[in-house]
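Counted from 1, the sequence shown has number 28 at position 13 by the numbering used here; the numbering is strictly sequential.
Working notes, structure below.
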Amino acid sequence: MPRAAFFTALMALAATAAPGAHAASSDADTAMLALAQRHGCTACHQVEPGGQASDGLAPLGPAWRDVSLKYTGERSVEDRLVATVLGGSRPHLSHWKGERSGASMPAQQPSISPEDARALVRWILALGPRP
Ligand code: HEC
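Have a look at this one:
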C-alpha cells in the first residue's frame with residue numbers, strides 16, 4: 016500500500032473509533048471554547064475553578080462551572096447574564112463578592128454580537144456539575 020493511502024486508511028479508522036454521543040458534546044465544547052477565546056473571555060475566565068491565569072494569579076472572573084452552579088434553576092437568568100456580558104457588570108453590585116477580586120466585568124459589546132453572547136451564556140449555564 017502506498018504511504019499516503021495507508022495514512023488515509025489509518026485516519027478513517029481513528030474517526031470511526033470515536034464514540035458518537037461523547038464526541039458530539041466535546042465538539043460543542045471545543046467550538047464554544049474557541050468562540051470564548053476569540054472574544055477574549057478566556058483572559059479572565061476558565062471553565063474549571065481553581066485555575067491560574069497566564070500570569071500565575073487567580074483568574075479575574077469566576078470559573079464558568081461556578082457560574083453555572085450558582086444560577087441553576089433561576090428564572091430569566093439567561094437574559095440577565097447576556098445583558099451582563101454585553102453591557103458589563105455593575106462595579107458596586109458584584110455577584111462574586113468575597114470570591115473574586117471585586118473587579119467588575121467590562122462591557123464586551125460591540126466586540127461580541129448579541130447572538131454570540133447568548134450562545135456562550137447558554138453553554139455556560141448548561142455546564143452543570145463537574146462530570
Ligand atoms: C477583563 C476581564 C473579563 C473579561 C474579558 C470577561 N469577563 Fe466575564 N466576568 C469578569 C468578572 C470580574 C466577573 C464578575 C462580575 C461580578 O463580580 O459580578 C465576570 C462575570 C461573568 C459572568 C457571571 C455574571 C454574574 O452576574 O454572575 C459571566 C456569565 C461572564 N462573566 C461571561 C463572560 C463572557 C462570555 C466573556 C467574553 C465575551 C467574558 N465574561 C469576558 C471579568 C471578565
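By construction, the Cβ of each residue, glycine as well, lies at the ideal position given by its N, Cα and C atoms.
All of these numbers come straight from a predicted model, not from anything done at the bench.
Please check the pair residue 80 and residue 137, which I expect to be a contact at CB under 8 Å, by giving their CB distance rounded to whole angstroms. That belief does not hold up - the Cβ atoms of residue 80 and residue 137 are roughly 15 Å apart, past 8 Å.
Determine, using beta carbons only, whether residue 100 and residue 127 come nearer to each other than 8 Å. yes
Under a Cβ-count criterion, where at least 16 other Cβ atoms within 10 Å of its own Cβ denotes burial, should residue 118 be classed as buried or exposed? exposed
Rounded to whole angstroms, what is the Cα-Cα separation between residue 50 and residue 72? 23 Å
According to DSSP, simplified to helix, strand and coil, what is residue 132? Residue state, collapsed to three classes: helix.
If the criterion is Cβ atoms closer than 8 Å, does the pair residue 143 and residue 122 meet it? no
Comparing the CB of residue 91 with every heavy atom of the ligand HEC, is any distance shorter than 7 Å? Not so, every heavy atom of the ligand HEC lies at least 7 Å from the Cβ.
Just mark residue 36 as buried or exposed, buried being the case when its beta carbon has 16 or more other beta carbons within 10 Å. Residue confidence for residue 36 is low, a pLDDT of 46 falling below 50, so the modelled location carries little weight; the figure read from the coordinates is stated next. So residue 36 counts as exposed.
Do residue 74 and residue 59 have their C-beta atoms closer together than 8 Å? yes
Span of the alpha helix (DSSP H), counted from its first residue to its last, around residue 90: Segment: none, residue 90 is in no alpha helix (DSSP H) and carries neither H nor E.
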